[in-house]
Amino acid sequence: MACRNFFTVDLGATSGRTILASYDGVRMELTELSRFENPILPIGGHLFWNLPHLYNEIIKGLKKVAARGICLDSIGIDTWGCDFAFFSEGQLLGLPYCYRDPHTDGAQEKFFTKMPPEELYHRTGIQFMNFNSVFQLDTLLRGGCSALKAADKVLFIPDALSYMLTGEAVCEYTVASTSQMLNAQTGDMDPEILKALGLQRSRFGRMVRPGEKIGVLTEQVQKAVGMGPVPVIAVAGHDTGSAVAAVPAENADFAYLSCGTWSLLGVETSAPIISEASFRDNFTNEGGVEGTIRFLKNICGMWIFEQCRKDFRAAPESIGELVALAEKTDFASLIDPDAECFAHPASMTSAIDNYCRVTAQDVPSSPAEYCRLIFRSLAFRCRQVVGLLGELTPVRIEALNVIGGGSRNVFLMQCLADALGIKVICGPVEGTAMGNALIQAKAAGLCDDLSSMRRISKASVELAEYCPERNMDAEYVRFLEIQEKYNNTI
């Protein structure tokens, strides 16, 4: 068959990329067109995203494709979840707030005066985090946000960018599911939650599922990039949804770990799991591809490591060198990566130092020791969550599939295999871009279902496997004791 080409936009919370995905009937080949920073902008005491910058990077990527004379079948955009932008009559109203803005600290308790947490979870099945869209919007409404008052459209970030490209306002299912405003049973925005916020459903655009056509490039964009009316397809707009679609699993007995700034660890189910136990353990039911549910827990990923690197002095610039040094040291202290003190501290190394002092452990004294502490702690936290998944779901987890940039961290992957006591399968590294492209390929009629998408993914990449090499049960028990000790002191 003639090669088919798909333009994938993958935007993470620290960087973004545009990728050309070419499918020859057997393999999907990914070629990076551009990579760029996605910095958080501190302005006027708040934190914002530079949405025009991201839009301009998409335009630049499309121009590169046009300059090469490549004919695109379609375009798809995935991003992080929860955040949103405001528009009025097609115009962007200010910069979108970043989910790390501390203005939502304590926001949950304020919203619970309007709807109890048990009811909110029963309706949505979504785990509680301060930055969930429902709490962000309630915070802005209470603060009299002028942009929200003036907006005729409230669009999640991938939908906002698609709107800027096509003029079509949609609400993509997978990213909407991260908001804690989507009803888990109906698959649409929950009317009682909207009522509690005082917002109308019409402001969020029509609901679309992965694989549906949003629209085509506007005439203005066509002229700007030198292309015709290329379709824009709703992929899994939440990047984890696209990434999980690319997991090269052959059966249902697997867990996945999307390992980037955040680690999203879970299993795939056919229906939401909403129970007293899932509420107690704060698990989430996010929308997936083809009616699947991503039953998972958001846990801290490489965020702590990324923030620590800003504090390091005289440390190797290469991540590979840092990882190698961490592997050689024998530093034993541990942290709970999901402790609230690591959410947005002024200094991440200082936050780790304080955690170690509070729990009567040695304080790290070198970049290698910080890195070893972080990677081993992440592995033990993953083991803790995998144990909960085994209790809450019928899935018998035989392997952990790791996707995303973190899968290149050899030391972390071996720590995972040792901590969990199961095989860890790594790849694709660009799992989100691969899933994004595969959903576009399915929309083009080139593959039939999720299983065939995963077969293409497996045929397209080289996978790395890690098997357990040592028993870490005693160290895991120590991790739990440290976690409990810290929790009892706050």
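Residue 4 is where the sequence shown starts when you use our numbering, and the numbers rise one by one after that.
Note that the Cβ used here is the ideal one computed from N, Cα and C, for glycine as well.
In this text, all values refer to a predicted model and were calculated from it rather than measured experimentally.
Notebook entry, point to check: Taking buried to mean at least 16 other C-beta atoms within 10 Å of its own C-beta, is Asn8 buried or exposed?
Noted result: Within the sequence shown, the letter at position 5 stands for residue 8. Buried, since its Cβ has 16 or more Cβ neighbours within 10 Å.
Where does Lys331 land, buried or exposed, given buried means 16+ other C-beta within 10 angstroms? Here the question's residue 331 lines up with position 328 in the sequence shown. Lys331 should be labelled exposed.
Original post:
Hey, Glu195 and Arg145: beta-carbon distance below 8 Å or not?
Top reply: The residue labelled residue 195 in the question sits at position 192 within the sequence shown. The residue labelled residue 145 in the question sits at position 142 within the sequence shown. No, they are not a contact pair.
*asked:* So within the stretch 95-169, which uninterrupted alpha helix (DSSP H) runs reach at least 4 residues, ignoring any that extend past its ends?
replied: 110-114, 120-127, 136-145, 149-153, 160-169
Review point. Where does Gly407 fall in DSSP's three states?
Key: Taking the sequence shown and counting its residues from 1, the one referred to as residue 407 is at position 404. Looking at Gly407 - three-state DSSP - the assignment turns out to be coil, as it is neither helix nor strand.
Does DSSP classify Ile217 as helix, strand or coil? Translated into the one-based positions of the sequence shown, residue 217 becomes position 214. Three-state result, Ile217: strand.
**Q.** 8 Å Cβ cutoff met for Ser136 and Phe87
**A.** As a first step, residue 136 must be located in the sequence shown, where it is residue number 133. As a first step, residue 87 must be located in the sequence shown, where it is residue number 84. In this structure, Phe87 lies closer than 8 Å to Ser136 by Cβ.
Within 8 Å, strictly: CB atoms of Gly430 and Ala382
Taking the sequence shown and counting its residues from 1, the one referred to as residue 430 is at position 427. Taking the sequence shown and counting its residues from 1, the one referred to as residue 382 is at position 379. Not a contact, by the Cβ cut-off of 8 Å.
Report all residues from its chain with a CB closer than 6 Å to the CB of Ala436; omit the five preceding and five following residues, and keep chain order.
Taking the sequence shown and counting its residues from 1, one reaches residue 436 at position 433. Excluding the 5 residues flanking it on each side, Ala436 has same chain C-beta neighbours closer than 6 Å at Thr11, Asp13, Ile22, Leu33, in chain order.
Buried or exposed (CB count within 10 angstroms, at least 16 for buried), Val389: Translated into the one-based positions of the sequence shown, residue 389 becomes position 386. Label assigned to Val389: buried.
Local Cβ density within 10 Å of Glu60, reported as buried at 16 or more and exposed below that: As a first step, residue 60 must be located in the sequence shown, where it is residue number 57. Classification for Glu60: buried.
key: Residue closest to Arg71, alpha-carbon to alpha-carbon, out of Leu36, Tyr259, Thr82   = Working through the sequence shown from its first residue, we reach residue 71 at position 68. Distance check between Arg71 and each of Leu36, Tyr259, Thr82 places Leu36 closest, using alpha-carbon atoms only.
List the DSSP bridge partners of Val224. Within the sequence shown, the letter at position 221 stands for residue 224. In the DSSP output, where bridge partners are listed per residue, Val224 has none listed.
Apply the 10 Å Cβ neighbour rule to Glu271 and answer buried if 16 or more other Cβ atoms are within range, or exposed otherwise.
As a first step, residue 271 must be located in the sequence shown, where it is residue number 268. When all chains shown are included, Glu271 counts as buried.
Verify whether the separation of the beta carbon atoms of Ile459 and Met31 is less than 8 Å. For the purposes of this step, residue 459 is taken as residue 456 along the sequence shown, with counting starting at 1. For the purposes of this step, residue 31 is taken as residue 28 along the sequence shown, with counting starting at 1. Yes, the Cβ-Cβ distance between Ile459 and Met31 is below 8 Å.
For a test of the three-state rule: what should DSSP assign to Arg297, helix, strand or coil?
Against the sequence shown, residue 297 aligns to sequence position 294. Arg297: strand per DSSP, three-state reduction.
Legend entry - Whole beta strand (DSSP E) elements within the stretch 36-102, 3-residue minimum: 43-46, 49-52, 77-81, 87-91
Margin query: Report the start-end ranges of each beta strand (DSSP E) in the stretch 306-372 that is 3 residues or longer and not cut off at the edges.
Written below: none
| field | Test item: CB-CB of Leu158 and Ala172 under 8 Å | value | For the purposes of this step, residue 158 is identified with residue 155 of the sequence shown, where counting begins at 1. For the purposes of this step, residue 172 is identified with residue 169 of the sequence shown, where counting begins at 1. Closer than 8 Å, so yes.
* Helix, strand or coil for Thr287, going by three-state DSSP, please let me know. => As a first step, residue 287 must be located in the sequence shown, where it is residue number 284. Thr287: strand per DSSP, three-state reduction.
Can you tell me whether DSSP reads Ile22 as helix, strand or coil?
Residue mapping note: residue 22 aligns to position 19 of the sequence shown, counting from 1. In the structure shown, Ile22 sits in a strand (DSSP, three-state: E or B).
Practice problem: Would you tell me roughly how many angstroms separate the C-alpha atoms of Asn288 and Ile277, rounded to the nearest one? | Solution: Indexing the sequence shown from 1 puts residue 288 at position 285. Indexing the sequence shown from 1 puts residue 277 at position 274. Straight-line Cα distance between these residues: approximately 8 Å.
Subject >> Bounding residues of the beta strand (DSSP E) (the contiguous stretch that carries Gly529) >> reply: With the chain covering only 4 through 493, there is no way to say anything about residue 529.
Could you compute how far the alpha carbon of Lys445 sits from the alpha carbon of Ile296?
Locating residue 445 in the sequence shown gives position 442, where the first residue counts as 1. Locating residue 296 in the sequence shown gives position 293, where the first residue counts as 1. Cα to Cα, the separation comes out at about 19 Å.
(message) Using DSSP's beta-bridge definition, name the partner residues of Thr34.
(response) Working through the sequence shown from its first residue, we reach residue 34 at position 31. Per DSSP, Leu23.
| Whole-angstrom C-beta distance between Asp141 and Leu200, which should lie under 8 Å | As a working note, residue 200 is residue 197 in the sequence shown. As a working note, residue 141 is residue 138 in the sequence shown. With 8 Å as the limit, Leu200 and Asp141 qualify as a contact, their Cβ atoms being about 6 Å apart.
Would you say the stretch 113-121 touches the stretch 184-193, given that touching needs at least three Cβ pairs under 8 Å?
-> no
Original post:
Going by C-alpha distance, which of Met456, Arg384, Met132, Ile160 is nearest Thr82?
Top reply: Position 79 of the sequence shown, counted from the start, is the residue given in the question as residue 82. It is Ile160.
Exercise for the section: Can you have a look at Glu465 and say buried or exposed, based on whether 16 or more other CB atoms are within 10 angstroms of its CB? Expected result: Sequence index remark: in the sequence shown, residue 465 carries index 462 (1-based). So Glu465 ends up on the exposed side.
What residue from Cys344, Asp421, Gly93, Gln139 has the CA that sits closest to Tyr102's CA?
Numbered from its first residue, the sequence shown carries residue 102 at position 99. Across the set Cys344, Asp421, Gly93, Gln139, the C-alpha of Gln139 shows the shortest separation from the C-alpha of Tyr102.
Counting C-beta neighbours from all protein chains within 10 Å, is the total for Glu343 16 or more, i.e. buried, or is it exposed?
Mapped onto the sequence shown, residue 343 falls at position 340. With fewer than 16 other Cβ atoms within 10 Å, it is exposed.
Expressed to the nearest angstrom, what Euclidean distance is found between the alpha-carbon atoms of Lys91 and Leu50? Here residue 91 refers to the residue found at position 88 when the sequence shown is read from its first residue. Here residue 50 refers to the residue found at position 47 when the sequence shown is read from its first residue. Correcting the residue type first, residue 91 is Ser in the shown sequence and not Lys. Going from the Cα of Ser91 to the Cα of Leu50 covers about 22 Å.
Using three-state DSSP, classify Thr11 as helix, strand or coil.
Counting from 1 along the sequence shown, the entry for residue 11 is found at position 8. In this structure, Thr11 counts as strand in the three-state DSSP scheme.
Delimiting residues of the beta strand (DSSP E) encompassing Cys418 | Residue numbering aside, residue 418 sits at position 415 when the sequence shown is read from its first letter. From DSSP, Cys418 is part of no beta strand (DSSP E) but of the alpha helix (DSSP H) over 413-423.
- prompt: Under a three-way DSSP split, which group does Val235 fall into?
  reply: Within the sequence shown, numbered from 1, the residue matching residue 235 stands at position 232. The answer is strand: DSSP assigns Val235 an E or B state.
**Prompt:** By the 10 Å Cβ neighbour count, where 16 or more other Cβ atoms means buried, how is Thr116 classified, buried or exposed?
**Reply:** Numbered from its first residue, the sequence shown carries residue 116 at position 113. That one is exposed.
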